[in-house]
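Engineer:
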Amino acid sequence: MADTENTYEVAVIGAGPAGLAAASEAAAGGAHTVLIDAAGQFGGQYWRHADEQSSSEDPAVWHHGWKTYTGLASAVDDAISAGKLQYLPASHVIAAEAGSPFSLSIAPVPESQPEHQGLTQIRAHTVVLCPGAYDRQLPVPGWTLPGVMAAGGIQAFIKTQGISPGQRVVLGGTGPFLLSAAASVLQAGAEVAAICESSDLTGWVPRGVSAALVPSKGKEGAEYIALLARHRVPYFRRRAVVAIHGDQRATAVSTARLNRDGKALPGTERIIEDVDLVGLGWGFVPQSELVVQLGAQMFRDADGSLVAEVDKDQQSSVPGLYLAGEITGVAGATAAVAEGRIAGRQVAGLRGGGRPPRSSADIKDRVLRRNHRLFAQAMHRAHPLPQQWPEWLTDETVICRCEEVPWQKTKEAIDSLSAEEPRGLKGATRIGMGWCQGRMCGQAADCLASSDSADVAQAVARRGPAIPVSLRALAGESGRESS
Amino acid sequence: MTAGEFRTVTVTVDGRRVTTEAGRTVAATLMLAEDRLHWRETRFAGKGRGLFCGIGVCFDCLVTVDGQPSLRACLVQVAEGMSIETEPMDG
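Chains E and W, in that order, are what the protein sequence lines are. All you need for my numbering is the position in the first sequence, starting with 1, plus 5. All you need for my numbering is the position in the second sequence, starting with 1, plus 12.
#1: Compute the Euclidean distance between the alpha carbons of residue 87 of chain W and residue 378 of chain E, then round it to the nearest angstrom.
#2: Is there contact here, the region 237 to 244 of chain E with the region 198 to 209 of chain E, by at least three beta-carbon pairs under 8 angstroms?
#3: Throw me the rounded Cβ distance for the residue 85 of chain W and residue 73 of chain W pair, which I believe falls under 8 angstroms.
#4: Hey, is residue 158 of chain E's beta-carbon within less than 9 angstroms of any beta-carbon in chain W?
#5: Sorted by chain position, which residues of the same chain lie with C-beta nearer than 8 angstroms to residue 257 of chain E's C-beta, five sequence neighbours on each side aside?
#6: When Cβ atoms are compared, which residues of the region 126 to 150 of chain E fall closer than 9 angstroms to chain W?
#7: Taking the continuous alpha helix (DSSP H) assigned at residue 29 of chain E, which residues delimit it?
#8: Would you say residue 57 of chain W faces chain E, with C-beta separation under 9 angstroms as the test?
#9: Quick one: Cα of residue 185 of chain E to Cα of residue 233 of chain E, how far?
#10: Interface residues of chain W around residue 116 of chain E at Cβ under 7 angstroms?
#11: Kindly list the residues whose CB is nearer than 7 angstroms to the CB of residue 434 of chain E, restricted to its own chain and excluding five residues on each side of it in sequence; keep chain order.
#12: Determine whether the Cβ of residue 47 of chain E lies closer than 9 angstroms to any Cβ atom of chain W.
#13: Residue 166 of chain E: buried (16+ other C-beta within 10 angstroms of its C-beta) or exposed?
#14: Mind checking residue 50 of chain E: buried by the 16 CB within 10 Å criterion, or exposed?
#15: From the DSSP output, in three-state form, read off residue 86 of chain W for me.
#16: Return the CA-CA distance between residue 130 of chain E and residue 107 of chain E, expressed in angstroms with no decimal places.
#17: Could you have a look at residue 375 of chain E and say whether DSSP puts it in helix, strand or coil?
#18: Please go through the same chain and pick out, in chain order, the residues whose beta-carbon is closer than 6 angstroms to the beta-carbon of residue 484 of chain E, but skip the five residues on each side of it.
#19: Can you name the residues that DSSP bridges to residue 284 of chain E?
#20: Strictly below 7 angstroms CB to CB, what residues from chain E border residue 19 of chain W?
#21: Could you pull the start and end residues of the beta strand (DSSP E) that residue 445 of chain E belongs to?
#22: Taking residue 286 of chain E as the reference, which of E:38, E:180, E:86 has the closest Cα?
#23: Contact check, residue 48 of chain E vs residue 350 of chain E under 8 angstroms by CB: the rounded distance?
#24: Only counting runs of 3 or more residues, tell me where the beta strand (DSSP E) segments fall wholly within the region 325 to 371 of chain E, in order along the chain.
#25: Using 8 angstroms as the Cβ pair cut-off and three pairs as the minimum, do the region 328 to 337 of chain E and the region 366 to 373 of chain E touch?
#26: Just mark residue 68 of chain E as buried or exposed, buried being the case when its beta carbon has 16 or more other beta carbons within 10 Å.
#27: Does any residue of chain E have a CB that is nearer than 9 angstroms to the CB of residue 37 of chain W?
#28: Does the distance from the CB of residue 81 of chain E to the CB of residue 20 of chain E come in under 9 angstroms?
#29: Using the Cβ count rule (16 or more neighbours within 10 Å means buried), how would you classify residue 30 of chain E?
#30: Quick check: the Cα distance between residue 352 of chain E and residue 305 of chain E, rounded to an integer number of angstroms?
#31: Which two residues bound the contiguous beta strand (DSSP E) that contains residue 69 of chain W?
#32: Residue 72 of chain W versus chain E: which residues are under 7 angstroms apart at the beta carbon?
#33: If you measure from the beta carbon of residue 43 of chain E to each beta carbon in chain W, is any gap under 9 angstroms?
#34: Can you list the residues of chain E that residue 67 of chain W reaches, using a CB-CB cut of under 9 angstroms?
#35: When we look at the beta-carbon of residue 236 of chain E and count the other beta-carbons within 10 Å, is it buried (16 or more) or exposed?
#36: State yes or no: is the beta carbon of residue 53 of chain W nearer than 9 angstroms to at least one beta carbon in chain E?
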């Protein structure tokens with residue numbers, strides 16, 4: 006097990022904006038680095054793009070900051086060619102143990118590596134964890150109908166397939182990402198029938214100074230607004246998709262104006278007909294299971310997300326564990342790249358024992374990080390989750406998609422079993438016990454629990470293996486050498 | 013390859029031959045070439061499910077590929093001769 010071949014100075018987990026930045030800097034600094042990623046090619050969710058082997062289309066048309074991506078990707082490719090960096094694609098870190106060195110258990114992702122079985126163990130003296138995030142969901146009547154997708158899932162489909170998965174789309178939820186998803190739909194030639202933003206956006210006004218700090222975000226926002234105006238897309242504030250209708254598939258939605266607490270106002274309901282795709286997104290959930298496993302100190306961010314504490318060099322409360330990107334607070338790709346670079350330089354620079362020198366590039370990244378974090382805090386405060394969203398539910402509304410637990414049963418559990426924290430709810434109802442392990446209903450379970458402490462969110466995020474792994478994979482002998 | 017050209021790939025879906033573009037995911041193939049929005053039935057209510065999260069997190073889109081069950085259709089790329097099995101439902 007302790008063979009040096011499987012021991013690295015630095016392990017970077019995740020090849021999205023933060024991970025690519027961290028890996029390129031760590032390798033450039035001379036550290037013997039391994040980059041582990043679940044996908045088959047670089048990019049993460051933000052820069053997810055068509056299969057490079059079969060597509061002739063330039064992915065740049067679907068992306069912001071594509072030049073940043075190509076710069077990072079070629080730096081990482083060069084490091085791989087030079088033998089400074091080992092890249093393990095289609096590989097999922099399912100368990101991590103802190104120590105010196107850290108120990109990581111890696112499973113092949115069966116969708117990309119069906120021929121491989123079994124776990125690989127690697128060791129690393131420092132770990133830079135860049136796990137990214139996925140769409141945050143709130144249950145709504147009809148959200149399990151085919152034709153309802155996560156807003157990010159719609160965009161991922163367009164970015165990889167070059168075509169919209171629906172022709173007349175309604176987007177609902179909160180946050181500027183709805184605009185980004187709408188822009189992708191329009192660009193793919195489909196219609197956006199409405200965007201329902203639950204916030205009234207007045208939260209932005211007194212904090213305009215934060216937006217002025219990040220001109221790139223302002224420019225991106227202005228582009229979206231111009232595109233939506235050109236296509237005459239109806240954009241509603243303080244309105245939500247409160248029900249989705251259809252028999253075998255989504256065909257219509259009900260929207261309603263919300264009061265300040267997020268309750269649907271009687272008499273304001275409108276039906277949008279002839280819809281073939283509904284996209285829902287309520288912000289993002291940072292993937293926290295490995296951080297929880299490793300025992301790093303966490304807290305609730307302004308958007309309610311469970312995120313990890315880091316110091317000015319991106320180091321967590323666990324010595325040697327560095328974190329970059331959404332796991333330190335959902336703040337977008339530019340912040341993630343800055344954090345990844347800071348972490349990568351730091352872990353490479355520390356190898357000699359001394360403090361790494363502060364370069365002008367590093368100082369620039371620290372300013373970028375500060376400004377984008379301030380912007381993100383303002384954004385989160387301007388886009389709160391509607392507190393009274395359970396008022397939209399009917400008794401039959403499915404809360405947990407995997408275990409098909411209806412709202413009626415959930416309510417009974419909350420009332421009679423005093424299951425006031427998510428783990429209690431889990432035991433009483435099987436909420437969060439299915440395939441996705443609470444990733445889709447976790448926000449709902451978290452909201453329905455009575456306490457808002459980070460402990461409750463951590464209970465939701467505490468999972469066995471970080472992804473469901475087949476028993477065959479767990480039992481199988483090591484199917485692959487990592488070098 | 014120049015822009016606009018693409019290679020085709022032939023797979024089978026529940027025994028039927030289906031031609032799609034290289035680079036498509038199994039989910040996109042079912043949706044675009046087969047016009048299906050759902051291909052799995054839930055255990056209890058028997059409801060149809062298809063693509064939801066689209067990025068491998070929700071496990072709603074599971075299919076059997078080349079005999080291997082419970083794979084996420086959003087993550088599997090089609091390959092020549094691939095056998096895809098769904099849980100066919102009415103509608």
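Every residue gets a Cβ at the ideal spot worked out from N, C-alpha and C, and that includes glycine. On a predicted model such as this, the values are computed, not experimentally measured, just so you know.
Structural biologist: Quick look at the numbers:
#1: Residue mapping note: residue 87 of chain W aligns to position 75 of the second sequence, counting from 1. Residue mapping note: residue 378 of chain E aligns to position 373 of the first sequence, counting from 1. Linking residue 87 of chain W to residue 378 of chain E through their CA atoms gives a straight-line distance of about 32 angstroms.
#2: The region 237 to 244 of chain E makes contact with the region 198 to 209 of chain E: 3 or more CB pairs, one atom from each, lie closer than 8 angstroms.
#3: Residue numbering aside, residue 85 of chain W sits at position 73 when the second sequence is read from its first letter. Residue numbering aside, residue 73 of chain W sits at position 61 when the second sequence is read from its first letter. The Cβ separation is near 4 angstroms, so the contact holds.
#4: Numbered from its first residue, the first sequence carries residue 158 of chain E at position 153. Cβ-Cβ to chain W under 9 angstroms: yes for residue 158 of chain E.
#5: The count along the first sequence starts at 1 and reaches residue 257 of chain E at position 252. The residues are 249, 250, 251, 276, 277, 278, 279, 280.
#6: The residues in question are 139, 140, 142, 148, 149, 150.
#7: Residue 29 of chain E sits at position 24 when you count from the first residue of the first sequence. Run containing residue 29 of chain E: 22 to 33, per the alpha helix (DSSP H) assignment.
#8: Reading the second sequence from its first residue, position 45 is the one you call residue 57 of chain W. True, the Cβ-Cβ gap to chain E drops below 9 angstroms.
#9: To locate residue 185 of chain E, count along the first sequence from 1; it is residue 180. To locate residue 233 of chain E, count along the first sequence from 1; it is residue 228. Cα to Cα, residue 185 of chain E sits roughly 10 angstroms from residue 233 of chain E.
#10: Locating residue 116 of chain E in the first sequence gives position 111, counting from the first residue. Under the 7 angstroms cutoff, chain W gives 83, 84, 87, 88.
#11: In the first sequence, counting from the first residue as 1, residue 434 of chain E sits at position 429. Correct list, in chain order: 410, 414, 415, 418.
#12: For the purposes of this step, residue 47 of chain E is taken as the residue at position 42 of the first sequence. By this cut-off, residue 47 of chain E is not an interface position.
#13: The residue labelled residue 166 of chain E in the question sits at position 161 within the first sequence. Residue 166 of chain E comes out buried.
#14: For the purposes of this step, residue 50 of chain E is identified with residue 45 of the first sequence, where counting begins at 1. Only buried fits residue 50 of chain E, as 16 or more other CB atoms lie within 10 angstroms of its CB.
#15: The residue labelled residue 86 of chain W in the question sits at position 74 within the second sequence. Coil.
#16: Counting from 1 along the first sequence, the entry for residue 130 of chain E is found at position 125. Counting from 1 along the first sequence, the entry for residue 107 of chain E is found at position 102. Rounded to the nearest angstrom, the two C-alpha atoms are 6 angstroms apart.
#17: Position 370 of the first sequence, counted from the first residue, corresponds to residue 375 of chain E. Helix at residue 375 of chain E.
#18: Numbered from its first residue, the first sequence carries residue 484 of chain E at position 479. Note that residue 484 of chain E scores a pLDDT of 40, beneath 50, so its modelled location is shaky; the value from the coordinates is reported in the next line. Here residue 484 of chain E has 121, 122, 123 as same chain residues with Cβ atoms under 6 angstroms from its own Cβ, once five neighbours each way along the sequence are excluded.
#19: On the first sequence, position 279 is the one that residue 284 of chain E refers to. For residue 284 of chain E, which the question treats as bridged, DSSP gives the partners E:154, E:176.
#20: Translated into the one-based positions of the second sequence, residue 19 of chain W becomes position 7. Result: 59.
#21: Taking the first sequence and counting its residues from 1, one reaches residue 445 of chain E at position 440. In the DSSP annotation of this structure, residue 445 of chain E is not part of any beta strand (DSSP E), being labelled neither H nor E.
#22: For the purposes of this step, residue 286 of chain E is taken as residue 281 along the first sequence, with counting starting at 1. Checking every option, the nearest Cα to that of residue 286 of chain E belongs to E:180.
#23: By one-based count along the first sequence, residue 48 of chain E stands at place 43. By one-based count along the first sequence, residue 350 of chain E stands at place 345. Their Cβ separation, rounded to whole angstroms, is 22 angstroms, which puts residue 48 of chain E and residue 350 of chain E out of contact at 8 angstroms.
#24: The region 325 to 371 of chain E contains these whole beta strand (DSSP E) runs: 326 to 328.
#25: Two segments are said to touch when three or more pairs of C-beta atoms, one from each, lie closer than 8 angstroms; by this definition the region 328 to 337 of chain E does not touch the region 366 to 373 of chain E.
#26: The sequence position of residue 68 of chain E within the first sequence is 63, counting from 1. Only buried fits residue 68 of chain E, as 16 or more other CB atoms lie within 10 angstroms of its CB.
#27: Position 25 of the second sequence, counting from 1, holds the residue named residue 37 of chain W. Yes, its Cβ sits closer than 9 angstroms to a Cβ of chain E.
#28: The residue given as residue 81 of chain E occupies position 76 in the first sequence. The residue given as residue 20 of chain E occupies position 15 in the first sequence. With respect to the 9 angstroms criterion, residue 81 of chain E and residue 20 of chain E are classified as neighbours on the basis of their beta carbons.
#29: Sequence index remark: in the first sequence, residue 30 of chain E carries index 25 (1-based). Burial call: buried.
#30: For this step, residue 352 of chain E is matched to residue 347 along the first sequence. For this step, residue 305 of chain E is matched to residue 300 along the first sequence. Taking the straight line from one Cα to the other gives about 26 angstroms.
#31: The residue you call residue 69 of chain W lines up with position 57 of the second sequence. For residue 69 of chain W, there is no enclosing beta strand (DSSP E), as DSSP gives it neither H nor E.
#32: Taking the second sequence and counting its residues from 1, the one referred to as residue 72 of chain W is at position 60. Under the 7 angstroms cutoff, chain E gives 406.
#33: Taking the first sequence and counting its residues from 1, one reaches residue 43 of chain E at position 38. With a threshold of 9 angstroms between beta carbons, residue 43 of chain E makes contact with chain W.
#34: Taking the first residue of the second sequence as position 1, residue 67 of chain W is located at position 55. Simply 50, 53, 139, 140, 155, 157, 158, 161.
#35: The residue you call residue 236 of chain E lines up with position 231 of the first sequence. With a threshold of 16 other beta carbon atoms within 10 Å, residue 236 of chain E falls short and is exposed.
#36: Here residue 53 of chain W is taken as the residue at index 41 of the second sequence, counted from 1. Not an interface residue.
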